[in-house]
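I have placed the structure first, in the form of structure tokens, so that the comments after it can refer back to it.
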Ligand SMILES: CC(C)(COP(=O)(O)OP(=O)(O)OC[C@H]1O[C@@H](n2cnc3c(N)ncnc32)[C@H](O)[C@@H]1OP(=O)(O)O)[C@@H](O)C(=O)NCCC(=O)NCCS
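In this note's numbering, the protein residues as written are 1 to 155.
Have a look at this one:
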């Protein structure tokens, strides 16, 4: 892989973020969730979805000659982490997560929190995140929901 760089996302990255988000969900999450759940997850998203987090300086991305993955934080929460399907397993998620954890720690938080997809639980556990609960996530009025694992890490 070409050299990987991490930087804050800019508004002009919104379209690529949308594409990587969709690609990641459609390629890496289909083992644990069915077609209805994947469709619900992506329903209603557009490049505009990322604007607020970008403007707040809460979204970073990893890129080579193209966008490979991104991470978003909200307070002490890791609210999004998605890596392009064909770039998974190369250490990009770990690089992005380390960056976000450092930011959360520097902001004075004692714990980091996240709601993991079933497929990512072992990835976060390898960083020391511990399960603190279970829940479901749904969007809008959709009757479809996806199961998530609530996890915390002492910083
Ligand atoms: C989960 C995800 C972010 C991990 O990113 P990645 O770049 O593929 O992971 P990395 O290559 O950085 O892996 C880091 C370590 O975690 C391990 N790991 C990665 N994915 C794993 C998985 N699904 N299960 C178990 N271990 C995993 C790797 O083996 C690696 O361990 P090592 O350093 O001992 O080799 C990525 O696979 C992804 O985007 N998945 C789909 C979207 C998603 O579920 N995001 C989480 C939303 S909460």
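Glycine included, each C-beta is placed from N, C-alpha and C at the ideal position.
Distances from the alpha-carbon of residue 26 to those of 43, 151, 10 put 43 closest. Relative to ligand 1, the beta carbon of residue 82 is positioned inside 7 Å of a heavy atom. No heavy atom of ligand 1 is found nearer than 7 Å to the CB of residue 46. The three-state secondary structure of residue 51, taken from DSSP, is helix. Scanning its chain for C-beta atoms nearer than 8 Å, with the 5 sequence neighbours on each side dropped, one finds around residue 95 the residues 4, 6, 62, in chain order. A Cβ-Cβ distance of about 14 Å is found for the pair residue 92 and residue 80, leaving them out of contact under the 8 Å criterion. Below 8 Å, enough C-beta pairs join the stretch 45-57 and the stretch 15-34 to call them touching: three or more. Secondary-structure assignment with DSSP links residue 74 through a beta bridge to 77. Closest by C-alpha distance to residue 64, out of 12, 53, 110, 87, is 87. Exclusion of the five residues before and after residue 145 leaves 37, 40, 136, 137, 138 as the residues of its chain whose Cβ lies within less than 8 Å of its Cβ. For the set 75, 83, 8, 31, the Cα lying nearest the Cα of residue 21 is the one of 83. One alpha carbon belongs to residue 98, the other to residue 68, and they sit about 16 Å apart.
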